[in-house]
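Chemist: Residues in the sequence shown are numbered from 0 upward in steps of one, following numbering that gives the first Met the number 0.
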Amino acid sequence: MIGLVESTGSVSLYQLKITLIYSDPAIWRRVVVPANFKLDRLHQVIQRVMPWTDSHLHQFIVGRTCYGRPDPEFADKGSETLNEKHYTIADIAPGAKKKFIYEYDFGDGWEHEIVVEKVLPPDAGFKRVICLAGENACPPDDCGGIGGYYEMLKIIADPKHPDHGHMKEWLGGERDLARFDLDETNDALKRFKA
0 MIGLVESTGS VSLYQLKITL IYSDPAIWRR VVVPANFKLD RLHQVIQRVM
50 PWTDSHLHQF IVGRTCYGRP DPEFADKGSE TLNEKHYTIA DIAPGAKKKF
100 IYEYDFGDGW EHEIVVEKVL PPDAGFKRVI CLAGENACPP DDCGGIGGYY
150 EMLKIIADPK HPDHGHMKEW LGGERDLARF DLDETNDALK RFKA
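1. Count the other C-beta atoms from every protein chain shown that fall within 10 angstroms of the C-beta of Glu83, then say buried if there are 16 or more, exposed otherwise.
2. Report the option in Ser9, Phe36, Tyr66, Val48 whose CA atom is closest to the CA atom of Pro138.
3. Measuring CA to CA, which of Thr64, Ala132, Trp51 is closest to Asp107?
4. Scan the region 61-138 and note each continuous alpha helix (DSSP H) run of 4 residues or more that stays entirely inside, going in chain order.
5. Secondary structure at Lys37, three-state DSSP: helix, strand or coil?
6. Mind checking which residues open and close the beta strand (DSSP E) that includes Leu12?
7. May I ask which residues mark the beginning and end of the alpha helix (DSSP H) holding Asp151?
8. Can you tell me which residues form a DSSP beta bridge with Lys192?
9. In three-state terms, what does DSSP make of His160?
10. Looking at the structure shown, is Trp27 part of a helix, part of a strand, or coil, going by DSSP?
11. Between Leu81, Tyr148, Gly67, Glu116, which has its C-alpha nearest Leu131's C-alpha?
12. Pick helix, strand or coil for His55, following the three-state DSSP scheme.
13. Under 8 Å: do the region 10-24 and the region 111-126 share three or more Cβ pairs, one atom per stretch?
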């Protein structure tokens, strides 16, 4: 299996493509995970491969059904979120070409389309999640969603903009839009067992 040195025994593997919706050029990652992976673990993988800071709420959306961390405070208000710890990727996307949404940070509304690109046969050698590819840097948390991110990039690119210095300082310097480091991403996944 394409150099995956990573055992799930008799469990199929899913090759997923995770794309940040409305990003242009596309910001995406391709990962391989076990089909029986619980959604709370997939959340952690997405946080590592994009990478995000895991400092905001999230949910998975399939049609009108939401999976996440149920909040008892809202249970009596008609907002039912199914517990992500009780569902696997195969439960919500039972085969190739199935899609679902992962939303991170309800304020900024970072939506990711997740597509099951391939269902791969079980591989006794598969021991950990792996990222196969990706393109472009992920936006920083708390920059105002995709619109705020692109506005921020315009400000950074214009040294004459009144907010240029402040924005550059907030970002911690220049930002390379194309920077995606596969080795660095897989290093972040090393301790994440399948």
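Using N, Cα and C, we set each Cβ at its ideal position, and we do this for glycine too.
Keep in mind the model is a prediction, meaning the values are calculated, not measured.
Modeler: On the basis of the data shown:
1. That one is buried.
2. Per the Cα distances, Val48.
3. Trp51
4. 88-91
5. strand
6. 12-19
7. The amino acid occupying residue 151 in the given sequence is Met; Asp does not appear at that position. Looking at the DSSP string, the run of the alpha helix (DSSP H) that includes Met151 is 144-156.
8. Arg127
9. coil
10. Under the three-state reduction of DSSP, Trp27 is assigned to strand.
11. Glu116
12. Here His55 sits in coil by DSSP.
13. Contact check between the region 10-24 and the region 111-126: three or more CB pairs, one atom from each, fall below 8 Å, which counts as touching.
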